[in-house]
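Residue numbers (the numbering used here), protein chains in the order written: chain Y, 4 to 416; chain S, 4 to 416. Quick reminder that beta carbons are idealized off the backbone N, C-alpha and C, glycines included.
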């Protein structure tokens, strides 16, 4: 079955914004065996939006429309889908009540224009939105054809798709059984990883293997699609362990857990705690450690020592050590980690100091160089890393490298 | 003048790839005063591609097509543009010679299928491609209407656009001069902001006013387009100050600077420094302060005190204060800020403590509640805030609220 995605909003026609929702939607549609054959990005323009929707609905059995469900005059999706489908819109008091209740729960006044969000296309079902004010809509056009209206913000769109659209699509589709495996890998580039596992996956068209990369983090997805669940499971059971073996301890997660969650699970199981001492990452490592709720069980906190004076004042790094080795050095990284462990009483402490750029750096340690220090009851050690010298990238990859080194050390001890 | 971008290639309909070429093209088109009104991503499918091209050419005077110019059977752009325009394709020996020469210069054999790249739409001009094998095409349809065929790889597409397409577009366009204004606003939702400024901007079709929102941050763009620069400047000079006035001190930047940059500039100008004490943000505020290079001039560092014990051990927050008020309270936020200022010797210190969720919270202070503390030579104070109770959002908005409060305080003193 084919689907199209129509993303509505003039902001996605600026040089700043892309329609990133469509990646997530495509992934989820593909899992159902639905192929995305076209994506259109259109602004808040009545004529163009109506024309595009009419073409999409003629061409493809499933059309997902994201955005344009807000309360302003610019939010035209409801009206244009109704026009393209030749239907009317009706005001629904129960939808307005839900919007009003949401504003009340946030203790904020509801603006008059929010009434626009209470109009439903005739014949459509309203889809509830616990994460925002705009309800979605599902319009069954008959003959296994349908249009879904989803809000633009990802945190509203994603749960609405998963809870309300996907079950309705499943009912429209022939039964298809899927089994998946998913490995997340740190410390390995996309092409290295691809070369490592290609000897296995290239022998199979089912399961399909996909490699997804972002800086410092690579994911491998396997998906088997079969007529029965037993067949799909058997295919995954045959291929996944062979790929897992090739990747070894570079796999930090086989259930989708992030690197910081994986580290947290190990620490929690051991009943141990960690603290941080950050220079160039400025708090980014602590921010990663606390991404997921419950991290207070193993993350105590730590220090942001952005200046050399603070490294000395807060962590007790000797000024002479900084002077003789520079602040971006193994000895300073080690002293920072030791200081954090000492001051917080944590079992483990991890430090980062580096040249994120664009300024700074030395001949020996140019921009992109960073040192990670790791302190534990067994003592303190440090490692030198180098990343492509882009400020944002250095800061993000340094936090990933620190987390991954801690993970591997925890597993080894 | 309006333009559409059609990106051709099935790889952009997978969960991994977006059409990023369109951002660069949009930026360059906007600089000429050309608006992008629609973007379509379509796979290597003859019927759909021809239909999409025909609609785009009917709707918009300028259509830029990227991708699908390669040598394989899947590369259908030449044929489909010809079909949509009702023209024939002709083989051109001089184009094949150029492709052959390129292969010769790379010392690689030319495959037979590269002949496909030597077909030109009747009436089109070939655009040379020094960075790849596929020549582009420019098809002037008369009446100030045109279609450009550009290769998909950015390093081939960009120079071809700049060297061959942009000069041709300039000749099609009336002389147009542009003036812009740009405000960034914190502490105000999109619809509040829209209601505030609509009384002014809705009276004007020129300049065009666009409101772009992300959580905790809203941007207002004004763009005037006129026959002379003086007229465009005059329009902006008439409208921008009126919008600026309605927004008051909620505007933190009128030159694109981020909130953290704006705060940094004020601190740098005053020769003052700041430190942080973070609980629920876990380092995210420090991470924001250090986003831009040069922040070491005014950001010293600080403390991540994720547990109550750390608030006491590192910042000297009395355990009894936490016990009597809870850790998410004004008094604790104030003691955290005062402790950070005291330990670092910074001029300003700012603290955050809150319930990011999903667990935690009290009846009085449910999940989504956070307190910001601000310490300076004049003493310490705190404020209570509430955000939609989504963990990621609370943490991000709390950092924004803290930065914005510091900014307003700096401006007021």
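Under 8 Å between the Cβ atoms of residue i and residue j?
i	j	result
residue 199(Y)	residue 249(Y)	yes
residue 298(Y)	residue 187(Y)	no
residue 68(S)	residue 84(S)	yes
residue 202(Y)	residue 147(Y)	no
residue 2(Y)	residue 75(Y)	Examination of residue 2(Y) is not possible in this model, given that chain Y is present from 4 through 416 alone.
residue 124(S)	residue 95(S)	no
residue 53(S)	residue 86(S)	yes
residue 47(S)	residue 9(S)	no
residue 270(S)	residue 277(S)	yes
residue 375(Y)	residue 415(Y)	no
residue 121(S)	residue 152(S)	no
residue 1(S)	residue 318(S)	Any question about residue 1(S) goes unanswered here, given that chain S covers just 4 to 416.
residue 384(Y)	residue 337(Y)	yes
residue 111(Y)	residue 136(Y)	no
residue 213(Y)	residue 224(Y)	yes
residue 221(S)	residue 238(S)	no
residue 139(Y)	residue 163(Y)	yes
residue 281(Y)	residue 274(Y)	no
Just reading off the alpha helix (DSSP H) that residue i is part of, what are its end residues?
i	result
residue 311(Y)	311 to 318
residue 42(S)	Run containing residue 42(S): none in the alpha helix (DSSP H); it sits in the beta strand (DSSP E), 38 to 45.
residue 333(S)	333 to 347
residue 196(Y)	193 to 204
residue 242(Y)	232 to 250
residue 25(Y)	24 to 34
Pick helix, strand or coil for residue i, following the three-state DSSP scheme.
i	result
residue 409(S)	helix
residue 220(S)	strand
residue 263(Y)	helix
residue 255(Y)	strand
residue 373(Y)	strand
residue 140(Y)	strand
residue 398(S)	helix
residue 301(Y)	coil
residue 108(Y)	helix
residue 53(S)	helix
residue 209(S)	coil
residue 115(S)	helix
residue 295(S)	coil
residue 152(Y)	strand
residue 366(Y)	coil
residue 59(Y)	helix
Counting contacts by CB-CB distance shorter than 8 Å, is residue i in contact with chain Y?
i	result
residue 232(S)	no
residue 425(S)	Residue 425(S) lies beyond the stretch modelled for chain S, which goes from 4 to 416, so this question has no answer here.
residue 304(S)	yes
residue 45(S)	yes
residue 161(S)	no
residue 313(S)	yes
residue 307(S)	yes
residue 380(S)	no
residue 256(S)	no
Does chain S have any CB closer than 8 Å to the CB of residue i?
i	result
residue 252(Y)	no
residue 33(Y)	yes
residue 420(Y)	With chain Y running from 4 to 416 in the structure shown, residue 420(Y) is simply not present.
residue 292(Y)	yes
residue 330(Y)	no
residue 75(Y)	yes
residue 3(Y)	This structure cannot speak to residue 3(Y), because chain Y is shown only from 4 to 416.
residue 109(Y)	yes
residue 217(Y)	no
residue 137(Y)	no
residue 264(Y)	no
Where does the unbroken beta strand (DSSP E) through residue i begin, and where does it stop?
i	result
residue 382(S)	382 to 389
residue 68(Y)	65 to 69
residue 80(Y)	Element bounds for residue 80(Y): not the beta strand (DSSP E) but the alpha helix (DSSP H), 80 to 88.
Checklist entry - Between the stretch 285 to 305 of chain S and the stretch 261 to 270 of chain S, do three or more beta carbon pairs fall short of 8 Å? => result yes
Checklist entry - Can at least three beta-carbon pairs, one atom from the stretch 235 to 253 of chain S and one from the stretch 178 to 192 of chain S, be found at a separation below 8 Å? => result yes
Next on the checklist: For the stretch 334 to 348 of chain S against the stretch 311 to 326 of chain Y, do three or more pairs of beta-carbon atoms, one drawn from each stretch, fall closer than 8 Å, so that the two count as touching?
Outcome noted: yes
Next on the checklist: When you compare the stretch 31 to 47 of chain Y with the stretch 165 to 176 of chain Y, are there three or more beta-carbon pairs, one atom per stretch, that lie closer than 8 Å?
Outcome noted: yes
Checklist entry - At a cut of 8 Å, does the stretch 386 to 406 of chain Y reach the stretch 16 to 29 of chain S through at least three beta carbon pairs? => result no
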